[in-house]
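Colleague:
Structure, rendered in structure tokens:
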């Protein structure tokens with residue numbers, strides 16, 4: 001039979017888990033309170049703690065757990081993107097299947113041969129937008145630069161083409177102009193328009209989540225169609241990277 005001291009310590013330890021942690025360490029040497037009594041007390045405490053946690057599952061947890069997710073494969077294919085998004089219609093549009101949405105957003109992506117970036121963007125962006133329960137369409141505007149005699153890139157022209165192609169298909173109330181090499185990190189980055197134009201990529205990892213300079217409008221920004229018309233679209237005179245975003249910011 002256990003002594004009164006043993007019963008008292010058992011009761012005190014169970015009522016004070018923090019004390020139990022310290023007490024178990026101090027009893028690591030059997031001489032501190034008698035080897036057999038110490039081991040018996042620790043056994044009673046361990047059994048009591050196990051019984052205090054109810055386990056509702058009937059099957060053992062799998063190892064490793066199937067809930068773990070991996071970084072997307074660096075060699076993604078468009079077939080994988082299509083397979084992961086069965087509800088996306090041919091042409092890149094999606095409607096929420098279980099609710100009536102208030103928001104209709106077109107995403108225009110200028111593109112010129114960055115296949116790996118595009119695959120990762122679509123793999124990430126489709127589920128991201130679906131979780132926001134938007135009606136959306138993604139428009140990838142490809143510049144066939146080999147036929148244009150070089151590697152110069154004209155994002156302004158591609159954005160203009162993407163806007164008008166998108167508006168011919170649907171009466172979108174919001175248009176996001178999205179660089180192909182940027183991925184949203186947080187679901188709370190809502191792809192919807194406010195009453196004013198909005199710069200969305202205000203915190204990018206390569207800039208240490210700060211704007212590189214005042215008035216920067218690069219990466220991702222959102223316009224309502226009326227805003228696009230008021231600024232007369234994008235400038236088409238800028239070739240290569242940069243400058244057209246600063247032009248739009250000034251407008």
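Numbering (full-length UniProt numbering), first residue to last: 1 to 251.
Ideal Cβ placement from N, Cα and C applies to all residues, glycine included.
Note that the coordinates shown come from a computational prediction; the quantities given were computed from them, not determined experimentally.
Among all the DSSP beta bridges, which residues are the ones paired with residue 142?
Modeller: Paired residue(s): 111.
Colleague: Just to confirm my understanding: we take residue 189, look at its own chain, exclude 5 residues before and 5 after, and list those with CB closer than 8 Å. What are they?
Modeller: Contacts found: 200.
Colleague: Which residue marks the beginning of the alpha helix (DSSP H) containing residue 229, and which one marks its end?
Modeller: Element bounds for residue 229: 225 to 230.
Colleague: Taking the C-alpha atoms as reference points, what is the distance between residue 131 and residue 108?
Modeller: Taking the straight line from one Cα to the other gives about 19 Å.
Colleague: Where does the unbroken beta strand (DSSP E) through residue 200 begin, and where does it stop?
Modeller: Looking at the DSSP string, residue 200 is not in any beta strand (DSSP E), and its letter there is neither H nor E.
Colleague: Measuring only the C-alpha atoms, how far is residue 211 from residue 171?
Modeller: The alpha-carbon atoms of residue 211 and residue 171 are separated by roughly 32 Å.
Colleague: Figure out for me which residue from 173, 85, 112, 154 has the closest Cα to the Cα of residue 224.
Modeller: Comparing Cα-Cα distances from residue 224 to each of 173, 85, 112, 154, the minimum goes to 173.
Colleague: By Cβ distance below 7 Å, which residues in the same chain neighbour residue 260 in space, the five residues on each side in sequence not counted?
Modeller: In the structure as shown, the chain starts at 1 and stops at 251, and residue 260 therefore has no counterpart that could be examined.
Colleague: With residue 252 as the anchor, note down where its beta strand (DSSP E) starts and where it stops.
Modeller: Only positions 1 to 251 of the chain appear in the structure, and residue 252 is not among them; the question remains open.
Colleague: For residue 300, does the three-state DSSP call read helix, strand or coil?
Modeller: No statement about residue 300 is possible, as the shown extent of the chain runs from 1 to 251 and does not include it.
Colleague: At which residues does the alpha helix (DSSP H) containing residue 210 begin and terminate?
Modeller: Residue 210 -> no alpha helix (DSSP H), and no H or E assigned at all.
Colleague: So is residue 235 buried or exposed if we call it buried at 16+ other beta carbons inside 10 Å?
Modeller: With 16 or more other Cβ atoms within 10 Å, it is buried.
Colleague: Since residue 128 and residue 187 should fall inside the 8 Å C-beta cutoff, what is the C-beta to C-beta distance between them, to a whole number of angstroms?
Modeller: Confirmed, about 7 Å.
Colleague: Give me whichever residues DSSP pairs with residue 137 in a beta bridge.
Modeller: Note: residue 137 sits in a beta bridge opposite 93, 106.
Colleague: Given a threshold of 16 other Cβ atoms within 10 Å of its Cβ, counted over all protein chains shown, does residue 38 qualify as buried or as exposed?
Modeller: For residue 38, the predicted model reports a pLDDT of 47, less than 50, meaning its position is unreliable; a value from the coordinates is still stated below. Result: buried.
Colleague: By the three-class DSSP mapping on this structure, what secondary structure does residue 234 have?
Modeller: Looking at residue 234 - three-state DSSP - the assignment turns out to be coil, as it is neither helix nor strand.
Colleague: Going by beta-carbon coordinates alone, are residue 191 and residue 158 separated by less than 9 Å?
Modeller: In this structure, residue 158 does not lie closer than 9 Å to residue 191 by Cβ.
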